[in-house]
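If you read the sequences in order, they're chains A and B. Numbered by this note's numbering, the letters in the first sequence go through residues 34 to 403 in order. Numbered by this note's numbering, the letters in the second sequence go through residues 34 to 403 in order.
There are 2 protein chains.
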Amino acid sequence: MGDDIRLIDAEVLRAQLVGVLDHHGVPAEQAAIVADSLVEADLRGVDSHGCNLLALYVARMQAGDLRAVTEVSTVRDDGSTVLLDGGLGFGQVAGRIAIDLAIERARVHGLAAVAVRESTHLGALAYYTMRAAEAGLIALAFQNGPTIVPPFGGLTQIFSTNPFSYALPTLDEPVVVYDIATTTVAGNKVILAKKRGDATIPEGWANDEDGNPTTDTQRASPMHLQWFGGHKGYGIALLVEAMAGALARSCFGRTERSAATAAGRDRVAKGYVFITIDPSRFSLPGSGAGSGDGSGDGSAADDYRRDIDTLVRDLHDCEPSVGSAGVLVPGELEHRRRAQRLAEGIPLSAGLVAELDLLASAAGLRALGS
Amino acid sequence: MGDDIRLIDAEVLRAQLVGVLDHHGVPAEQAAIVADSLVEADLRGVDSHGCNLLALYVARMQAGDLRAVTEVSTVRDDGSTVLLDGGLGFGQVAGRIAIDLAIERARVHGLAAVAVRESTHLGALAYYTMRAAEAGLIALAFQNGPTIVPPFGGLTQIFSTNPFSYALPTLDEPVVVYDIATTTVAGNKVILAKKRGDATIPEGWANDEDGNPTTDTQRASPMHLQWFGGHKGYGIALLVEAMAGALARSCFGRTERSAATAAGRDRVAKGYVFITIDPSRFSLPGSGAGSGDGSGDGSAADDYRRDIDTLVRDLHDCEPSVGSAGVLVPGELEHRRRAQRLAEGIPLSAGLVAELDLLASAAGLRALGS
Numbered sequence: 034m035g036d037d038i039r040l041i042d043a044e045v046l047r048a049q050l051v052g053v054l055d056h057h058g059v060p061a062e063q064a065a066i067v068a069d070s071l072v073e074a075d076l077r078g079v080d081s082h083g084c085n086l087l088a089l090y091v092a093r094m095q096a097g098d099l100r101a102v103t104e105v106s107t108v109r110d111d112g113s114t115v116l117l118d119g120g121l122g123f124g125q126v127a128g129r130i131a132i133d134l135a136i137e138r139a140r141v142h143g144l145a146a147v148a149v150r151e152s153t154h155l156g157a158l159a160y161y162t163m164r165a166a167e168a169g170l171i172a173l174a175f176q177n178g179p180t181i182v183p184p185f186g187g188l189t190q191i192f193s194t195n196p197f198s199y200a201l202p203t204l205d206e207p208v209v210v211y212d213i214a215t216t217t218v219a220g221n222k223v224i225l226a227k228k229r230g231d232a233t234i235p236e237g238w239a240n241d242e243d244g245n246p247t248t249d250t251q252r253a254s255p256m257h258l259q260w261f262g263g264h265k266g267y268g269i270a271l272l273v274e275a276m277a278g279a280l281a282r283s284c285f286g287r288t289e290r291s292a293a294t295a296a297g298r299d300r301v302a303k304g305y306v307f308i309t310i311d312p313s314r315f316s317l318p319g320s321g322a323g324s325g326d327g328s329g330d331g332s333a334a335d336d337y338r339r340d341i342d343t344l345v346r347d348l349h350d351c352e353p354s355v356g357s358a359g360v361l362v363p364g365e366l367e368h369r370r371r372a373q374r375l376a377e378g379i380p381l382s383a384g385l386v387a388e389l390d391l392l393a394s395a396a397g398l399r400a401l402g403s
Numbered sequence: 034m035g036d037d038i039r040l041i042d043a044e045v046l047r048a049q050l051v052g053v054l055d056h057h058g059v060p061a062e063q064a065a066i067v068a069d070s071l072v073e074a075d076l077r078g079v080d081s082h083g084c085n086l087l088a089l090y091v092a093r094m095q096a097g098d099l100r101a102v103t104e105v106s107t108v109r110d111d112g113s114t115v116l117l118d119g120g121l122g123f124g125q126v127a128g129r130i131a132i133d134l135a136i137e138r139a140r141v142h143g144l145a146a147v148a149v150r151e152s153t154h155l156g157a158l159a160y161y162t163m164r165a166a167e168a169g170l171i172a173l174a175f176q177n178g179p180t181i182v183p184p185f186g187g188l189t190q191i192f193s194t195n196p197f198s199y200a201l202p203t204l205d206e207p208v209v210v211y212d213i214a215t216t217t218v219a220g221n222k223v224i225l226a227k228k229r230g231d232a233t234i235p236e237g238w239a240n241d242e243d244g245n246p247t248t249d250t251q252r253a254s255p256m257h258l259q260w261f262g263g264h265k266g267y268g269i270a271l272l273v274e275a276m277a278g279a280l281a282r283s284c285f286g287r288t289e290r291s292a293a294t295a296a297g298r299d300r301v302a303k304g305y306v307f308i309t310i311d312p313s314r315f316s317l318p319g320s321g322a323g324s325g326d327g328s329g330d331g332s333a334a335d336d337y338r339r340d341i342d343t344l345v346r347d348l349h350d351c352e353p354s355v356g357s358a359g360v361l362v363p364g365e366l367e368h369r370r371r372a373q374r375l376a377e378g379i380p381l382s383a384g385l386v387a388e389l390d391l392l393a394s395a396a397g398l399r400a401l402g403s
């Protein structure tokens, strides 16, 4: 590990984030949720969605684009379907309320869809889908945002990187959790390659400003990212827009539907939808170890979890391709990183630590690790 | 159009397919559904899922792997969630029953999930999701099958090409319909390139037998197809397996869970899951042109359809990238082809016409176009 990396204990980092948020007027319970989302992302190695976001959140609160106190209201509640309004407060706070509602409702109705409009940056979607999977449910999550990526074959920015996540419950294996941007990479990967002066970027990352695929780093445009897998990934991005934007009665495409003034590529309002499914509703009659009545109790629910365990093991048992260290299931690397970082600390760059220390200092807190 | 192509009228083709199926003991109503699925795929230009499948279906009926009379039974019915058994009959027949049930139940419950186990080849998934979208609902479809594709980073065949489809309802625009294999291409594209003696295949299609990506046609293996977009597409394939296989209590991974004897790469049993969502459940109170009460009636439902129309137009209004004829929405090319082929006939190769004529002759029917 280089000189410019510091290892920070997760609990120390969490306390620091809570302290800064508290200083800016975020209520204690809400600050705890936001900090948990960021620390969990850092623990799992999803650094783009970790504590580096604190500076952005503080700047947005100071600019009035993000409300320190998140007030979530119910627009419609029809049992299996709910539409919430996130009040342009913290996405994590509305997101936790939404996923917990989706968990509760799927248990009652078999499946549920909870949509949130007028929310903001959610952090990593895996945070929410994993929570539902750990509660025994299948969960899907769709989220949209500012207009920064053109559609396949176009030059006009109309979508965000439109993330999609799912998680599957397990019995003995860690939950399976998939969380992707529907672009091949985030725009900052292209920007970083330019800054480093890399001659080329991998095929499939970005187009030039005419929309032609390129591996020439200097010609590649972070405003012309490619969709993963070309038109097929574009189709997934469109589904995300149709769910998180249109269904959640939020902004979508060129349509602004927010009390926030920032629009288009500066749009802060995000919509999202969580779909949860109770797999015990699909157990065969007479199944369920120790139960035998298939009535959807704990034992019948285990049928599905056991299947996902089996599938994970089937995948791990596959012969690896030449040069591959073995077949992975989504979320596996992140689970391993989390265990390691919980034990050893979270590696943060000196620059990021300095940034956090500045925020801490302004909040009257001591520097990290001091 | 070359000498080896014949243009066949859709209604003539439909009658021929029904005639052959009838000869093999498929009840009239069921034969009509199977024929409709195949003719619709041919009309939309999805030739791989059209009338060329008739020979396979007849061979499977003769081998006893596909029952001529499809008997669908209800395993569990809990309102918003239903598990059906397709009785190893025609996938199209069970599929139509399943999607119609998913439409009915989403209207009652806001959303629904209908899973089918012990079914067989469904034809194109778009056939089912479009039906739900035309009924005003959002629909998702997941289907698995025989073990013919290794996971990302592996050499052991464990998944099928695991198709995924969605469709979105519209008001004035044609419905948006996405229907993909989660592999970049089907195996027969690699086989055809080998037969033609093409020197190379496009990057991203297939690996060699060691699992290394290759563009060398002769080294590429149709048993080592690549997932669209690499690990991201593999993650979608895994979701399909977890839904269509595990949730539908059907075969998945290496687990056989079927009365059929054919297993693994010869597996005929397929599972699938349809999820339907009624977007009128998410209309804002007071919205809906002419309604004003947001109560989920026809007018409120129009809110979402109007949004999808807007999104389609946003996409069409995008500046095209250099060399692109314009931005397309999923299903658009297929809608255009359908209109053209309805008017001009469906182009079938002479070889396919000869195959159909042989089946017709055995059934005591006249040759196509005779």
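Note that CB positions come from ideal geometry on N, CA and C, so glycine has one too. Predicted model, so just to flag it, every value in this text is computed and none were measured.
Anything in chain A within Cβ reach of residue i, meaning under 9 Å, just list it in chain order.
| i | result |
| --- | --- |
| residue 240(B) | 354 |
I'd like the list of long-range same chain contacts for residue i, defined as Cβ closer than 6 Å, with 5 residues on each side in sequence excluded.
| i | result |
| --- | --- |
| residue 150(A) | 118, 281, 282, 283 and 304 |
| residue 83(A) | 71, 74 and 75 |
| residue 218(A) | 238 |
| residue 308(B) | 146 and 173 |
| residue 463(A) | This structure leaves residue 463(A) out entirely; chain A is present only between 34 and 403. |
According to the neighbour-count rule (16 or more other Cβ atoms, all chains shown, within 10 Å of its Cβ), is residue i buried or exposed?
| i | result |
| --- | --- |
| residue 391(B) | exposed |
| residue 106(A) | exposed |
| residue 375(B) | exposed |
| residue 300(A) | buried |
| residue 431(B) | Given that chain B is displayed from residue 34 to residue 403, the structure contains no residue 431(B) and the question cannot be resolved. |
| residue 223(B) | buried |
| residue 221(A) | exposed |
| residue 291(B) | buried |
| residue 233(A) | exposed |
Between which two residues does the alpha helix (DSSP H) holding residue i run?
| i | result |
| --- | --- |
| residue 212(B) | No alpha helix (DSSP H) contains residue 212(B), which is instead part of the beta strand (DSSP E) from 209-213. |
| residue 54(B) | 43-56 |
| residue 200(A) | No alpha helix (DSSP H) contains residue 200(A), which is instead part of the beta strand (DSSP E) from 197-201. |
| residue 71(A) | 61-76 |
Going along the chain, which residues of its own chain have a beta-carbon closer than 7 Å to the beta-carbon of residue i, five neighbours each way excluded?
| i | result |
| --- | --- |
| residue 363(A) | 209, 210 and 211 |
| residue 63(B) | 103, 123 and 126 |
| residue 134(A) | 115 and 147 |
| residue 339(B) | 204 |
| residue 77(B) | 367, 370 and 371 |
CB-CB under 8 Å to residue i, same chain, minus the five flanking residues each way: which ones, in chain order?
| i | result |
| --- | --- |
| residue 329(A) | In this prediction, residue 329(A) has a pLDDT of 40, which is less than 50 and means its spatial position is unreliable; what the coordinates show is noted afterwards. Same-chain partners within the cutoff: 311, 313, 314 and 316. |
| residue 37(B) | 382, 383 and 384 |
| residue 279(B) | 285 |
| residue 349(B) | 359, 360 and 362 |
Would you say residue i and residue j are within 8 Å of each other, going by their C-beta atoms?
| i | j | result |
| --- | --- | --- |
| residue 357(A) | residue 186(B) | yes |
| residue 123(A) | residue 67(A) | yes |
| residue 132(B) | residue 275(A) | no |
| residue 189(B) | residue 269(B) | no |
| residue 398(B) | residue 49(B) | yes |
| residue 242(B) | residue 257(B) | yes |
| residue 389(A) | residue 40(A) | no |
| residue 142(B) | residue 113(A) | yes |
| residue 91(B) | residue 197(B) | no |
| residue 393(B) | residue 400(B) | yes |
| residue 155(A) | residue 120(A) | no |
With residue i as the anchor, note down where its beta strand (DSSP E) starts and where it stops.
| i | result |
| --- | --- |
| residue 151(A) | 144-152 |
| residue 306(A) | 303-310 |
| residue 115(A) | 114-118 |
| residue 358(A) | Where residue 358(A) is concerned, there is no enclosing beta strand (DSSP E), given that its DSSP letter is neither H nor E. |
| residue 381(A) | 379-382 |
| residue 109(B) | 106-110 |
| residue 234(B) | From DSSP, residue 234(B) is part of no beta strand (DSSP E); its letter is neither H nor E. |
| residue 96(B) | Per DSSP, residue 96(B) belongs to no beta strand (DSSP E); it is in the alpha helix (DSSP H), 87-96. |
| residue 174(A) | 171-176 |
What does residue i touch in chain B if you count any residue whose Cβ is under 9 Å from its own?
| i | result |
| --- | --- |
| residue 357(A) | 185, 186, 187, 188 and 244 |
What does residue i touch in chain A if you count any residue whose Cβ is under 8 Å from its own?
| i | result |
| --- | --- |
| residue 296(B) | None at all; the shortest Cβ gap to chain A is about 14 Å. |
Could you name the residues of chain A that residue i contacts, counting a contact when the two beta carbons are closer than 7 Å?
| i | result |
| --- | --- |
| residue 340(B) | 279 and 285 |
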